[in-house]
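What follows is a single structure, written as C-alpha cells, with notes after it.
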Ligand code: NAD
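Residue numbers (the working numbering): 782 to 1078.
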C-alpha cells in the first residue's frame, strides 16, 4: 500500500515565535543604545469587535517584545479632521516610533487620507503612498506586514525563491499587490490573478509558489495545485460547520496537502507572522529614527 503524499506543514507559529525572540533582542539593544524602548502607537476608531481584538493583541505583543505600547481609542462618531489631527500629533511626538491606524475606519472617515497623514518613517503598516511607491521602485522602506510574513514563510520551504513561478491570487492594496512586488524582488516570475481572471485553475496549476489572498473559503481546490508546490494561504474566513464556527483559509487544506510540497495551515500559518512583522517594522523604524544601524532581523 502506498501512502498518500502529504505536504510539509509550514509552522507559522514557530517561525513567528523565533522572529519575535530575535526582535526582542534587537529591541533591548535599541533601548540600551538610545536610552528608551521603541514605542508603537495604535489608533482605533469605533467599536468593531474584531478590530478591538486585533488592537489588544498588537499591544500585548509589543509589550512582550519589550516595546512601549500606546493605544488611542476614539468613539465611532469622531470626525475625519479629528482623526487626522491625532495622527499628526503622533507624527510630531518624538517618543513615538511606529503609528498604526486600525482598519477598517468608519464609513464617514476617508481611510486613504488618514493613512497618508502618517509620517512614512513611522508607517509600520507600510501603507502610505511613499512606502508603497518605494516598494514598487525597489527602494528600502517599511513593507506591509502580511505580505512580508508570507514571503518569509515561502522562504522556509525553499532553498531559494529565485526563478520560481509565483502565482498571487488577489490584488488588494493590503496583501496581493505588495506580495507580488516582494516576490518579484526575490526574482520570482510573478503572475497576478483575481476575480476577473479566466480559468483560475489553469493559472494556479502553473505555480511553484501559490499565494491565496482572496477571502473566499476553500476557493483553491486540490487539483489546482501543481505537485510539490509551496502553498501560502493568507485567507482567514469564518464559516459555520456542524453548528460550530471555525476559521478556514482560501485553500481546501486537506485536498491541497495531498499534492503540495509544503503548505501553511489556517489558523497557525500566515496569521501569526503578521503581528511579528509589525513588531519587526517598529524595531526597524525605531533604529532608523534614532540613527542606529538597521537591526539584523
Ligand atoms: P480584499 O477583499 O481586499 O481583496 C480580495 C482580492 O481577491 C481581490 O483583489 C479580488 O479580485 C480577489 N478575489 C475575490 N474573489 C475572487 C475569486 N472568486 N477568484 C479570484 N480572485 C478573487 O481582501 P484582502 O484584504 O486582500 O484579504 C484577503 C484574505 O486575506 C481575507 O480572507 C483576509 O481575511 C485575509 N487576510 C489575512 C491576514 C493575515 O494576517 N493572515 C491579513 C490580511 C488579510
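Just so it is clear, CB atoms sit at the ideal spot from N, CA and C, and this is done for glycine as well.
Values in this document were obtained by computation on a predicted structure and should not be read as measured data.
Over what stretch of residues does the beta strand (DSSP E) that includes residue 1028 continue unbroken?
Its beta strand (DSSP E) spans residues 1025-1029.
Could you tell me whether the stretch 797-806 touches the stretch 830-849, using the rule of 3 or more Cβ pairs below 8 Å?
Contact between the stretch 797-806 and the stretch 830-849 is present: 3 or more CB-CB pairs across the two stretches fall below 8 Å.
Distance between residue 970 and residue 877 (C-alpha atoms, nearest Å)
Rounded to whole angstroms, residue 877 to residue 970 spans 38 Å at the Cα level.
Measure the C-alpha to C-alpha separation of residue 1043 and residue 1061 and round it to an integer number of angstroms.
Residue 1043 and residue 1061 have their alpha carbons spaced roughly 25 Å apart.
Quick test of your reading: residue 905 and residue 882, contact by CB under 8 Å. State the CB separation rounded to the nearest angstrom.
Distance from residue 905 to residue 882 at the Cβ level is roughly 10 Å; contact not present, criterion being Cβ atoms closer than 8 Å.
8 Å Cβ shell around residue 982 - same chain, five flanking residues per side excluded
Excluding positions up to five away in sequence, the list reads 1002, 1004 and 1005.
So, does the stretch 928-940 touch the stretch 1045-1062, judging by three or more C-beta pairs under 8 Å?
When Cβ pairs closer than 8 Å are counted between the two stretches, the stretch 928-940 is seen to touch the stretch 1045-1062, the count reaching three or more.
Is it the case that the stretch 1028-1045 contacts the stretch 983-999, given that we only count it when at least three CB pairs across the two stretches are under 8 Å?
Yes, the stretch 983-999 is in contact with the stretch 1028-1045.
Could you check the C-alpha separation between residue 825 and residue 837 for me, to the nearest Å?
Cα-Cα distance, rounded: 10 Å.
Start and end residues, alpha helix (DSSP H) containing residue 953
Residue 953 -> no alpha helix (DSSP H), and no H or E assigned at all.
Can you tell me whether residue 841 is helix, strand or coil according to DSSP?
In the structure shown, the three-state DSSP call for residue 841 is helix.
Pick from 1022, 989 and 888: whose alpha carbon is nearest that of residue 1012?
Its Cα nearest to that of residue 1012, the residue 989 stands out among 1022, 989 and 888.
Unbroken stretches of the beta strand (DSSP E), 3 residues or longer, contained in the stretch 912-952
Secondary structure in the stretch 912-952: the beta strand (DSSP E) runs of 3 residues or longer, each lying completely within the stretch, are 946-950 in chain order.
Relative to the C-alpha of residue 977, which candidate in 897, 999 and 952 has its C-alpha closest?
Of the residues 897, 999 and 952, the one whose Cα lies closest to the Cα of residue 977 is 952.
Which residues does DSSP list as the beta-bridge partners of residue 847?
In the DSSP output, where bridge partners are listed per residue, residue 847 has none listed.
Tell me which same chain residues have a C-beta within less than 7 Å of the C-beta of residue 897, skipping the five on either side of it?
For residue 897, same chain residues with a beta-carbon under 7 Å away, outside a window of 5 residues either side, are 909 and 910 in chain order.
Is the Cβ-Cβ distance between residue 1067 and residue 816 less than 9 Å?
No, Cβ-Cβ distance for residue 1067 and residue 816 is not below 9 Å.
Let me check you understand the geometry: is the CB of residue 937 closer than 8 Å to at least one non-hydrogen atom of the ligand NAD?
It does not: the Cβ of residue 937 is nowhere closer than 8 Å to a heavy atom of the ligand NAD.
Proximity test, residue 1054 beta-carbon vs the ligand NAD heavy atom, cut-off 8 Å:
For residue 1054, the Cβ falls inside the 8 Å cut-off from some heavy atom of the ligand NAD.
Leaving aside the five residues before and after residue 809 along the sequence, list all residues of the same chain whose C-beta is less than 8 Å from its C-beta, in chain order.
Cβ within range, chain order: 847.
At the level of alpha carbons, what is the spacing between residue 980 and residue 999?
Using only the alpha carbons, I get a separation of about 17 Å.
Residue 790 beta carbon less than 9 Å from that of residue 1045:
Their beta carbons are under 9 Å apart, which means residue 1045 touches residue 790 by this criterion.
In chain order, what residues of the same chain have a beta carbon less than 6 Å from the beta carbon of residue 963, not counting five sequence neighbours either side?
928 and 932.
Identity of the residues DSSP links to residue 1018 by a beta bridge
1029, per the DSSP bridge assignment.
Check for me: the alpha helix (DSSP H) holding residue 985 runs from which residue to which?
For residue 985, the enclosing alpha helix (DSSP H) covers residues 981-985.
What's the call for residue 841, buried or exposed, on a 16-neighbour Cβ count within 10 Å?
Flag for residue 841 reads exposed.
Among the residues of its own chain, which have a CB less than 7 Å from the CB of residue 796, if the five just before and after it don't count?
Only 933, 934, 937 and 1054 meet the Cβ criterion.
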